């Protein structure tokens, strides 16, 4: 359902619009709303005085999770544009589309080989720098600054992901099920208890999960 909030895009106004919509479903929805997800806009997903925090004042189980459909390209561009040379249109921008979220989280890109690979790819795409404003840029230094900025933003936006690792409990993965036949991981059960404890009979759930893990038909 669409709700026009263009006249007032503050966190309070957006939150009020969300709550007006949810109020149509009565008080019972307060225990049924278990997630809210937005893009990385500060007014939506930051941790203080924002939409997700205000919503949780009335919907205690509506934990925030960064929108998985929000394009990584936007994360890259928004973070990189905080750097003056990139904002002014330096030739580093084509490099951004060549990098993936997985790479950022798992690999070290601030090294000569990584820089040379990305610089060559950018050069092949848009040509060598020819404007004077581009020729005076230290591209290696700029490259590392862009990488550091992006990694910082990605880590910030996805900093709460680990607290939802209890979702692994229901992934249909025979290899994991075999590994967990001796017992449901206590750390994941604890995370579930911390997030949604009042909504579950944890002991009963653990018994049912153990049955599933040992059942070869899954």
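Residue numbers (my numbering): 1377 to 1594.
The beta carbon of each residue, even a glycine, is placed where N, CA and C say it ideally should be.
None of the values given here were measured: they were computed from a predicted structure.
(message) Closest to residue 1426 by C-alpha separation, out of 1386, 1402, 1549, would be which residue?
(response) The shortest C-alpha separation from residue 1426 is found at 1386.
(request) Pick helix, strand or coil for residue 1475, following the three-state DSSP scheme. (result) Note that residue 1475 scores a pLDDT of 45, beneath 50, so its modelled location is shaky; the value from the coordinates is reported in the next line. Residue 1475: coil per DSSP, three-state reduction.
(message) So the candidates are 1396, 1405, 1380, 1414; which of them puts its Cα closest to the Cα of residue 1534?
(response) 1414
(message) Here's the rule: buried if 16 or more other CB atoms are within 10 angstroms of the residue's CB, otherwise exposed. What is residue 1504?
(response) exposed
(request) Over the uninterrupted alpha helix (DSSP H) stretch that includes residue 1580, give me the two end residues. (result) 1578 to 1590
(request) Measure the beta-carbon distance from residue 1410 to residue 1437 and round it to whole angstroms, keeping in mind my assumption that it falls under 8 Å. (result) Rounded to the nearest angstrom, the Cβ distance from residue 1410 to residue 1437 is 5 Å, consistent with a contact under 8 Å.
(request) Measure the alpha-carbon distance for residue 1367 versus residue 1593 and round it to whole angstroms. (result) Absent from the model: residue 1367. The displayed extent of the chain is 1377 to 1594, so no value can be given.
(request) Report yes if the CB atom of residue 1520 is closer than 8 Å to the CB atom of residue 1494, and no otherwise. (result) no
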